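Asks:
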Amino acid sequence: MAHSGINVLFEGRNLIRLFGGLWTTVEIAAVALVLGLILGVILGVLRTFPNRLLRLVLRLYLEFFRIVPTVVLLFLFYYILPKQLGVNMPANQVATLVFALWTAAEMSDIVRGALISVPKHQRESGMAIGLNRLQLYRYVLIPQAVSLELPATINLVTRVIKTTSLLMLISVMDVINVGQQVVEANNQKYPTGVFWVYGIIFVMYFAIDYPLSWWAKRMDKKRLERANG
Amino acid sequence: MAKQVIKVEHLEKYYQKDHILHDINFSIDQGEVVALLGPSGSGKSTLIRCLNGLEPYQNGTVTFNGDQVVPTEKNWQKLRQKIGMVFQSYDLFPNLTVLDNILLGPVKVQKQSRETAKAAAEKLLDQVGLREYENVYPRQLSGGQKQRIAIVRALALNPELMLFDEVTASLDPEMVRGVLNIISKLAQDSDMTMIVVTHEMNFAQQIADRVLFLEDGKILEQTKGDQFFKQPQTDRAKEFLESMDF
Ligand SMILES: Nc1ncnc2c1ncn2[C@@H]1O[C@H](COP(=O)(O)OP(=O)(O)O)[C@@H](O)[C@H]1O
Ligand SMILES: [Mg+2]
Chain A
1134 MAHSGINVLF EGRNLIRLFG GLWTTVEIAA VALVLGLILG VILGVLRTFP
1184 NRLLRLVLRL YLEFFRIVPT VVLLFLFYYI LPKQLGVNMP ANQVATLVFA
1234 LWTAAEMSDI VRGALISVPK HQRESGMAIG LNRLQLYRYV LIPQAVSLEL
1284 PATINLVTRV IKTTSLLMLI SVMDVINVGQ QVVEANNQKY PTGVFWVYGI
1334 IFVMYFAIDY PLSWWAKRMD KKRLERANG
Chain B
6 MAKQVIKVEH LEKYYQKDHI LHDINFSIDQ GEVVALLGPS GSGKSTLIRC
56 LNGLEPYQNG TVTFNGDQVV PTEKNWQKLR QKIGMVFQSY DLFPNLTVLD
106 NILLGPVKVQ KQSRETAKAA AEKLLDQVGL REYENVYPRQ LSGGQKQRIA
156 IVRALALNPE LMLFDEVTAS LDPEMVRGVL NIISKLAQDS DMTMIVVTHE
206 MNFAQQIADR VLFLEDGKIL EQTKGDQFFK QPQTDRAKEF LESMDF
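Just so you know, the sequences run in chain order A and B. Going by this note's numbering, the first residue of the first sequence is number 1134, and it counts up by one from there. Going by this note's numbering, the first residue of the second sequence is number 6, and it counts up by one from there.
1. Which of helix, strand or coil does DSSP assign to B:His-27?
2. Decide if the stretch 129–139 of chain B is in contact with the stretch 98–108 of chain B; the criterion is three or more beta carbon pairs, one per stretch, under 8 Å apart.
3. Which residue comes first and which comes last in the beta strand (DSSP E) that contains A:His-1254?
4. How many Å lie between A:Ile-1303 and A:Ala-1162 at the Cα?
5. Mind checking if B:Asp-96 is an interface residue toward chain A, Cβ cutoff 7 Å exclusive?
6. Within 10 Å of its beta-carbon, does A:Ile-1213 have 16 or more other beta-carbons around it, so buried, or fewer, so exposed?
7. How would you write the range of the beta strand (DSSP E) that B:Ile-224 sits in, first residue to last?
8. For the stretch 100–130 of chain B, enumerate the residues whose C-beta is nearer than 7 Å to any C-beta of chain A, in chain order.
9. Examine chain B for any beta-carbon lying closer than 7 Å to the beta-carbon of A:Ser-1137, and answer yes or no.
10. In whole angstroms, what is the alpha-carbon distance linking A:Ala-1248 and B:Phe-69?
11. What does the alpha-carbon distance come out to for the pair A:Thr-1286 and B:Asp-231?
12. Could you please tell me which residues of the stretch 1250–1278 of chain A, in chain order, have their CB closer than 9 Å to any CB of chain B?
13. Determine the extent of the beta strand (DSSP E) in which B:Tyr-20 is found, giving its start and end residues.
14. Assuming A:Ile-1309 and A:Ile-1341 form a contact by the criterion Cβ under 8 Å, report the distance between their Cβ atoms to the nearest whole angstrom.
15. Relative to ligand 1, what is the chain-ordered list of residues with a Cβ closer than 6 Å to any of its non-hydrogen atoms?
16. Under a three-way DSSP split, which group does B:Ala-40 fall into?
17. Just to make sure I have the definition right: I need the residues of chain A whose C-beta is within less than 9 Å of the C-beta of B:Leu-59. Which are they?
18. Kindly give me the distance between the Cβ atoms of A:Val-1170 and A:Thr-1236, rounded to whole angstroms, as I take these residues to be in contact under 8 Å.
19. Determine the chain A residues that contact B:Gln-254 at a beta-carbon separation under 9 Å, and present them in chain order.
20. Quick one: grab the DSSP three-state call for A:Met-1134.
21. Interface residues of chain A around B:Ile-92 at Cβ under 8 Å?
22. Going along the chain, which residues of its own chain have a beta-carbon closer than 6 Å to the beta-carbon of A:Leu-1274, five neighbours each way excluded?
23. Does the CB of B:Gln-86 have a neighbour CB from chain A at under 7 Å?
24. Below 8 Å, can you find three or more Cβ-Cβ pairs linking the stretch 171–179 of chain B to the stretch 146–159 of chain B?
25. Quick one: using the 10 Å Cβ neighbour count with 16 as the cut-off for buried, is A:Phe-1182 buried or exposed?
26. Give the DSSP-derived three-state secondary structure of B:Gln-73 in the structure shown.
27. Is the Cβ-Cβ distance between B:Val-91 and B:Val-13 less than 7 Å?
28. Which two residues bound the contiguous alpha helix (DSSP H) that contains B:Leu-166?
29. Can A:His-1254 and B:Ser-94 be called in contact, C-beta distance under 7 Å?
30. Identify the residues that DSSP records as bridge partners of B:Phe-218: which are they?
31. Which residue from B:Leu-166, B:Gln-152, B:Asn-30 puts its Cα closest to that of B:Gly-65?
32. If we call anything under 7 Å between Cβ atoms a contact, is B:Gly-36 one with B:Asp-194?
33. Just the chain A side, please: which residues come within less than 8 Å of B:Arg-153 by C-beta, in chain order?
34. Just curious, the beta strand (DSSP E) that B:Val-91 is in, first and last residue?
35. Cβ closer than 8 Å: which chain A residues qualify as neighbours of B:Val-159?
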């Protein structure tokens, strides 16, 4: 009897392994996002300060992470830097670091954009009641920037999660990597298993990313509605 | 003799190459109300923004309560608690309720306890007739209401000098009266020292102890309020009053 391809998922510990891989992916993405978003907010705030040198350095940092493809960043940090600098980090940590630095770079641009679009009068009214710079950002500018930047931030989060599929390239046992192993190990028995394995990976990514991008869209729409009265 | 609150000497202000304020000299005693009048673009906003450090000036000095201000950002930031300012655009913080808008300065800047500050804020809200709006967000208020709250927010810090920059200029006509009444009451009842920039000539005449008339960045005349409106000393001021249909 021909084996139905879908059974590849229920063969042995395959499904558990796939979910295990998903968990690794989610863990790396989650830690990277938390660190990256926090660092990104700080860098974004710094990028609105008058100091030119500071702004230039942070701008270069952003452009570097924007221009260099994530694949290249992963290779750079995983294969090249350890040799040059003599640091040896496990692949998971390298991946987390790269994604965190990338998230921080993109987030800094989102935060900066939102901060400079808070009207100048808001800044001056805050100064007029004696707020110092820290208080001005803390109570006036950042809270107003957050509502402007939230949809863009969620879109960034979905992009980062999607891009975690590259983790297989530096031998992190993420969901894609596990999937590939499952496909190869079961190739004889389930020739069509490849569709089912990648199919379920698709469903996994979709289940995480779709609600996020739906949420971002809805918020953007609501804001436009409010802006148009 | 009344105490001198603010003194300005030989103040010069440039925007890049543009010479905006020329050798400005005046002083104001405690309790005095000064109307700063002049055509649009004469430098009124720029001048009062120099008095709380929102604009840097290139020459001259500002003396507050007898101490010459060393114009660093830090010094101005401390002084702004004593020099309240209300702007033309009623810019309450949209992310905070009316009460939190008012309490931000007293609680975060002056480190008053929230209870003390709240009691004081509610008293001020009563005086401007907006006590029932304390938990409302600014977007739910009319322009006139927002501007009254902005005045309360500045007063909550207990300033010694208030600067008003055309605070009724972007209000609907029916809202103007209410805001002007609050400023008049402040002048009469609490003896507040203030500089008022306005294009409401009747209002200026009613409250001004003295008028500074500014044109092209120069003070052309400083005249007692009642006299300025009957008998301005310069032809330019006379033309200005005529142009304002006064
Ligand atoms: N930020 C600025 N940069 C350059 N010029 C300015 C700026 N703000 C005001 N000015 C100029 O300074 C002059 C005085 O402006 P302002 O103080 O706003 O006058 P007023 O309040 O009396 O209408 C005007 O000629 C104006 O164009
Ligand atoms: Mg003006």
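The beta carbon of each residue, even a glycine, is placed where N, CA and C say it ideally should be. None of the values given here were measured: they were computed from a predicted structure.
Replies: Put simply:
1. strand
2. yes
3. Looking at the DSSP string, A:His-1254 is not in any beta strand (DSSP E); the run it does join, the alpha helix (DSSP H), is 1253–1261.
4. 15 Å
5. yes
6. exposed
7. 223–229
8. Asn-100, Leu-109, Gly-110, Lys-113, Val-114
9. no
10. Looking at the sequence provided, one finds Leu at residue 1248 of chain A rather than Ala. Rounded to the nearest angstrom, the two C-alpha atoms are 33 Å apart.
11. 59 Å
12. Pro-1252, His-1254, Gln-1255, Glu-1257, Ser-1258, Gly-1259, Met-1260, Ala-1261, Ile-1262, Gly-1263, Leu-1264, Asn-1265, Arg-1266, Gln-1268, Arg-1271, Tyr-1272, Val-1273, Pro-1276, Gln-1277
13. 9–20
14. Wrong, their Cβ atoms sit about 14 Å apart, outside the cutoff.
15. B:Tyr-20, B:Asp-23, B:Ile-25, B:Gly-43, B:Ser-45, B:Gly-46, B:Ser-47, B:Gly-48, B:Lys-49, B:Ser-50, B:Thr-51
16. strand
17. Glu-1257, Met-1260, Ala-1261
18. As written in the sequence, residue 1170 of chain A is Leu, which differs from the Val given in the question. With 8 Å as the limit, A:Leu-1170 and A:Thr-1236 qualify as a contact, their Cβ atoms being about 6 Å apart.
19. Examination of residue 254 of chain B is not possible in this model, given that chain B is present from 6 through 251 alone.
20. Caution is warranted here: a pLDDT of 44 is assigned to A:Met-1134, below 50, making its placement in the model unreliable, and the coordinate value is therefore given only provisionally. Looking at A:Met-1134 - three-state DSSP - the assignment turns out to be coil, as it is neither helix nor strand.
21. The sequence given here has Phe at residue 92 of chain B, not Ile. Chain A residues near B:Phe-92: His-1254, Glu-1257, Ser-1258, Ala-1261.
22. Leu-1248, Val-1251
23. yes
24. yes
25. exposed
26. strand
27. no
28. Where B:Leu-166 is concerned, there is no enclosing alpha helix (DSSP H), although the beta strand (DSSP E) it sits in stretches over 166–170.
29. yes
30. B:Leu-42, B:Glu-226
31. B:Asn-30
32. no
33. Those within 8 Å of B:Arg-153 in chain A number zero; the least Cβ separation is about 15 Å.
34. 88–91
35. Reading off the sequence shown, one finds Ala at residue 159 of chain B, where the question assumed Val. Within chain A, the residues near B:Ala-159 are Ala-1261, Ile-1262.
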